[in-house]
Amino acid sequence: MGKKSKYLVTAALPYANNYIHIGHIAGAYLPPDIYVRLKRLNDEELVFICGSDEHGTAIEMAALTENVTPKEIIDRYHYSNKESFEKLNIKFDIYSRTSNEIHHKTAQEFFLNLFDKNLLTQKTEKQLYSEKEKRFLADRFIIGTCPVCGFEEARGDECENCGSNLSPLELINPKSKITGDIPVEKETTLFYFPFGSYQEELSKWIDSKTDWKQNVINYCKGWFKTGLRERAITRDLDWGVKVPLENQNGKVIYVWFEAPIGYISMSKELFIEKGNPDGWKDYWFDKDTKLVHFIGKDNIVFHSIMFPAMLMAHGDYILPYNVPANEFLNFSGAKFSKSKGNGILVKDIVKIFPADVIRYALAVNFPETKDSDFTWDDLQAKNNNELAAILGNFINRTVVFAKSKFDGKIPSAEIKNENDEKILESIKLSASRVNEFIDKFRFRDGITEMMNSVRAANKYFNDSEPWKLIKSDKARCGSVINTCLEICHSIAVLINPLLPDTSKAILEILNKDESDLKWNKIGRRVLKQDTILGENKILFPQIEDSLIIRLNEEYSSKTEKLVETDETNLVSIDDFRKLELKVAKIMDCERVPKSKKLLKLKLKVGDKSKQIVAGISEYYEPEKLLGKLVVIVNNLQPSKLMGIESQGMLLAAKKNGELKIVTVEGDIEEGADVN
RNA sequence: GCCGGGAUAGCUCAGCUGGUUAGAGCGUCGGAAUCAUAAUCCGUAGGUCGGGGGUUCAAGUCCCUCUCCCGGUACCA
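As structure tokens, then:
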């Protein structure tokens, strides 16, 4: 064994304005968790860093839209996402957040370091300023008439109607999206970072990274080809890390610049927690540290170009050793999309399936070289046909056999033969292959290798035929079962990085502590004969079709295409009678978080209550709807909108940007039929 | 528009600098076995590698072109 390496592993900082979904997990969080767990089993020295990215316009905008403070937004998503990771057993050494003071300080120091070296340039330009709100408006906060197509609600950065990319200054009649205030043009001075002057050094550096994934290198080369340009690193905004200079009121460091510094500040925080405040330097300043950034492909430019350029400019820190970016995970052929609300959120899926099942289903199909596809049917198949059938079954058949034929004790292995040693040896070899694969970020191959070991174990069981031996040669049979139990232990270690809960469960069944939970113990005999086995347990219960059918229905409604209605199409009275229109009373009403138009309504229809999600919040304040009698389609097939079930449809009239809900003239008891 | 990526067995995916009969897992079908969550093990079948053209002794792999999908980016004065 040579000198152990030291690893500084990071996972992309999730932006705290949304709940994370399983696409994120497959892309940037489960791979490093497996990687880190494996390194730990090999006694490598490492830290694993992650946390929420909590600044920037999008969060401020979400806050304004919901009429809450940014702090409320980031708290909601920070704690929820942190919990999501925990539920999936993705175990960071620290999961912190960029709103912490230590991060503000670290980012400011970083900024000042570059400023003091005269590496930053300043430029003055015109931007839109709201006198009323006393601040510059971010592009997306401005709406106005599109100069290209005349659409009246174009945003400052792009027109959703014609797709044009716009600058806010081009908009005709611009106004603040939030207050409706009319902004004025005002000059502002911002700092820029000259990426262009680092292009050559970066390019050479990337060229030296021959072992990086091809997709990452391609992205970088693409950027070099178009040429790196300077980029603003400050902006006029309240919510963020303040620019640490005089006369910079109302200015913050741009979030893309400040967020990756979070890796550094979170490292500091971790070592403060450990009672070793300078410990982070052993990682960030040591040329032998392997800094590995796990990210999704959308983040490549930041981690393999911008952040390295910043680190070069600063000079003290190490550069990334590798940036193993994954592609994207699709869902049933469609993209995960926040706006369409069809992502499978981690906080939802962990309520349905055990962490290990989710981890396995995602990991065998990591989007390592191209986008890959996730389906519920696939998850079921992976659980039933692989986890349960191959892995769970081997443990179960071994333990059940030992329990019934050897008094629940580990029999002795006195009558060994070469087959016993062969299988153990092959698992040991397999383990070293797993190690190599994962070290090269080839997780899928590594996992295939793990499962091959378990297949080999089943084969050994079959070929040894202990059910026959028990009748003819009990001592030899005991040796076989002893070996199988040893294999169970090896498997527990082997799968530990991928399936930590299952690994633990196997150890419990074997009544074995974690003292031999080490990679180099794979394929070795570590059990004591005559140990009484623990309680057996089905590791992977079958997933029934009915559950999968239900999930398919639930999630397909989110991706359904809208069917256009033909206005000239006539319906018969029978068709009309299929609709059950009823009068309902609005009992409760609230905005759907992070949605633009949705209100969640609690209705009373006769003696039943109902929940309906309606897209009317741009026209009605929730409070004003309370108590109103409205008309609803009572028997509409329920569907989910942004994860919230809607059990009907509210009728409303709409024209020329006006919308009025259909109410009842006079008073009538709710629940009344409408026809 | 331009740049980049993708399109390979029923499904999900591998195939580095071109080279013998294109691979894996799951599913299918057949067999063996019956300790085990009807779970295992062995074997079989399945692909004109998106369409078309070209280079080459030889192309999934290189070139051209077309179709579809996905990113990025520009312009629409």
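Heads up: the first sequence is residues 347 to 1021, going by the numbering used here.
Beta carbons: idealized from backbone N, C-alpha and C, even for Gly.
Contact check, V587 vs Q726, beta carbons under 8 Å: Position 241 of the first sequence, counting from 1, holds the residue named residue 587. Position 380 of the first sequence, counting from 1, holds the residue named residue 726. No.
Got a sec? Which residues, its chain only, sit under 7 Å from K728 by beta carbon, not counting five neighbours each side? Walking along the first sequence from the start, residue 728 turns up at place 382. So the list reads Y706, A707, V710, once near-sequence residues are dropped.
Using a Cβ-Cβ cut-off of 7 Å (strictly less than) and excluding sequence neighbours within five positions of E854, which residues of its own chain qualify? As a working mapping, residue 854 is identified with position 508 in the first sequence. Excluding positions up to five away in sequence, the list reads G880.
Within 8 Å, strictly: CB atoms of A578 and Y600: Mapped onto the first sequence, residue 578 falls at position 232. Mapped onto the first sequence, residue 600 falls at position 254. It is a contact, given that the beta carbons lie within the stated cut-off.
If D439 and I395 are in contact, beta carbons under 8 Å, what's the gap, nearest whole angstrom? As a first step, residue 439 must be located in the first sequence, where it is residue number 93. As a first step, residue 395 must be located in the first sequence, where it is residue number 49. D439 to I395, Cβ: 7 Å. Contact.
Three-state secondary structure (DSSP) at I440? Residue 440 sits at position 94 when you count from the first residue of the first sequence. It is a strand residue.
On the three-pair Cβ rule with 8 Å, is the segment 614 to 625 touching the segment 404 to 414? Cβ pair count under 8 Å is below three, so no.
Starting from the C-beta of F783, find all residues in its chain whose C-beta is less than 8 Å away, skip the five residues before and the five after it, and write them out in chain order. Here the question's residue 783 lines up with position 437 in the first sequence. Its chain contains F789, D791, G792, E795 as the residues whose beta carbon lies nearer than 8 Å to that of F783, once the 5 sequence neighbours on both sides are disregarded; these appear in chain order.
Residues sharing a beta bridge with P540, DSSP: Here residue 540 is taken as the residue at index 194 of the first sequence, counted from 1. Beta bridge pairing from DSSP links P540 with E576.
Given this structure, state the Cα-to-Cα distance separating D859 from D584, to the nearest angstrom. Translated into the one-based positions of the first sequence, residue 859 becomes position 513. Translated into the one-based positions of the first sequence, residue 584 becomes position 238. The alpha-carbon atoms of D859 and D584 are separated by roughly 53 Å.
C-alpha gap between E714 and T848, whole angstroms: Walking along the first sequence from the start, residue 714 turns up at place 368. Walking along the first sequence from the start, residue 848 turns up at place 502. Those two C-alpha atoms are separated by around 25 Å.
Is T572 near the ligand ADP, judged by its Cβ being under 7 Å from some heavy atom? Absent from the structure shown: the ligand ADP. Ligands present: none.
On the CB-based measure, 16 or more other CB atoms within 10 Å of its CB, does G994 come out buried or exposed? As a working mapping, residue 994 is identified with position 648 in the first sequence. Within a 10 Å sphere around the beta-carbon of G994 sit 16 or more other beta-carbons, which makes this residue buried.
Check each candidate in N763, Q875, D766, W865 and name the one with the smallest Cα separation from N781. Within the first sequence, the letter at position 435 stands for residue 781. Of the listed residues, the one whose Cα sits closest to N781 is W865.
From the DSSP output, in three-state form, read off N676 for me. Your numbering for residue 676 matches position 330 in the first sequence. It is a strand residue.
Hey, F541 and G738 are a contact pair by Cβ (cut 8 Å); roughly how many whole angstroms apart? In the first sequence, the residue the question calls residue 541 occupies position 195. In the first sequence, the residue the question calls residue 738 occupies position 392. Not confirmed; about 52 Å, so no contact.
Check each candidate in T444, H370, N798, S398 and name the one with the smallest Cα separation from L434. Indexing the first sequence from 1 puts residue 434 at position 88. Comparing Cα-Cα distances from L434 to each of T444, H370, N798, S398, the minimum goes to H370.
What is the rounded straight-line gap between the Cα of N980 and the Cα of D724? On the first sequence, residue 980 is found 634 positions in, with the first residue counted as 1. On the first sequence, residue 724 is found 378 positions in, with the first residue counted as 1. Approximately 35 Å between the Cα atoms of the pair.
List, from N- to C-terminal side, the alpha helix (DSSP H) runs of 4 residues or more that fit wholly inside the segment 618 to 642. Those alpha helix (DSSP H) runs which fall completely within the segment 618 to 642 and span 4+ residues are 625 to 630.
Between the segment 839 to 846 and the segment 793 to 813, do three or more beta carbon pairs fall short of 8 Å? Result yes; three or more Cβ-Cβ pairs closer than 8 Å.
Are the beta-carbon atoms belonging to W558 and N668 less than 8 Å from one another? Residue numbering aside, residue 558 sits at position 212 when the first sequence is read from its first letter. Residue numbering aside, residue 668 sits at position 322 when the first sequence is read from its first letter. At a Cβ-Cβ threshold of 8 Å, W558 and N668 count as neighbours.
Between the Cα of K643 and those of L637, I651, I736, spot the shortest distance and give me the residue it belongs to. Residue 643 sits at position 297 when you count from the first residue of the first sequence. When L637, I651, I736 are compared, the shortest CA-CA separation from K643 is found for I651.
Exposed or buried, Q468, counting other C-beta atoms within 10 Å across all chains shown (16 or more means buried)? As a first step, residue 468 must be located in the first sequence, where it is residue number 122. Burial call: exposed.
Does the separation of the CB atoms of L831 and L856 fall below 8 Å? Residue mapping note: residue 831 aligns to position 485 of the first sequence, counting from 1. Residue mapping note: residue 856 aligns to position 510 of the first sequence, counting from 1. In this structure, L831 lies near L856, with their beta-carbon atoms less than 8 Å apart.
Does Y565 come out as helix, strand or coil in the three-state DSSP assignment? Walking along the first sequence from the start, residue 565 turns up at place 219. If DSSP states are grouped into helix, strand and coil, Y565 belongs with the helices.
Please list, in chain order, all residues of the same chain as L928 whose beta carbon is under 7 Å from its beta carbon, the five residues on each side excluded. By 1-based counting over the first sequence, the position of residue 928 is 582. Note that residue 928 is Lys in the sequence shown here, rather than Leu. Cβ neighbours of K928 beyond the five flanking positions: V951, I978, N980, G1017, A1018, D1019, V1020.
Smallest Cα separation from T635: which of L840, L354, E479? Stepping through the first sequence from its first residue, residue 635 is reached at position 289. Cα-wise, what sits closest to T635 is L354.
When you compare only the Cα positions, how much space is there between I894 and W722? Here residue 894 refers to the residue found at position 548 of the first sequence. Here residue 722 refers to the residue found at position 376 of the first sequence. Each residue's CA atom was taken as its position, placing I894 and W722 some 6 Å apart.
Taking the alpha-carbon positions, what's the S554 to E546 distance? On the first sequence, position 208 is the one that residue 554 refers to. On the first sequence, position 200 is the one that residue 546 refers to. Their backbone Cα atoms lie some 13 Å apart in a straight line.
Leaving aside the five residues before and after E400 along the sequence, list all residues of the same chain whose C-beta is less than 6 Å from its C-beta, in chain order. What you label residue 400 is simply residue 54 of the first sequence in a count that begins at 1. Correct list, in chain order: A362, I420, R443, T444, S445.
So A930 and K956 are supposed to be a Cβ contact under 8 Å. How far apart are they, rounded? For this step, residue 930 is matched to residue 584 along the first sequence. For this step, residue 956 is matched to residue 610 along the first sequence. Confirmed, about 7 Å.
Quick check on this structure: which residue in S758, N765, N645 has the alpha carbon closest to the alpha carbon of I563? Here residue 563 refers to the residue found at position 217 of the first sequence. Among S758, N765, N645, the Cα nearest to that of I563 belongs to N645.
What residue range does the alpha helix (DSSP H) around F789 cover? On the first sequence, residue 789 is found 443 positions in, with the first residue counted as 1. Judged by DSSP secondary structure, F789 falls within the alpha helix (DSSP H) whose first and last residues are 789 to 810.
Any 3 or more C-beta pairs closer than 8 Å across the segment 653 to 670 and the segment 689 to 699: With a cut-off of 8 Å, the segment 689 to 699 and the segment 653 to 670 do not count as touching, because too few Cβ pairs lie within range.
If I measure Cβ to Cβ from P416 and keep anything under 6 Å in the same chain, skipping five residues before and after, which residues do I get? Mapped onto the first sequence, residue 416 falls at position 70. I405, E406, A409, W585.
At what residue ranges does the segment 675 to 736 contain a whole run of the alpha helix (DSSP H), taking only runs of 4 or more? The DSSP assignment places complete alpha helix (DSSP H) segments of no fewer than 4 residues inside the segment 675 to 736 at 692 to 695, 701 to 709, 722 to 727, in order along the chain.
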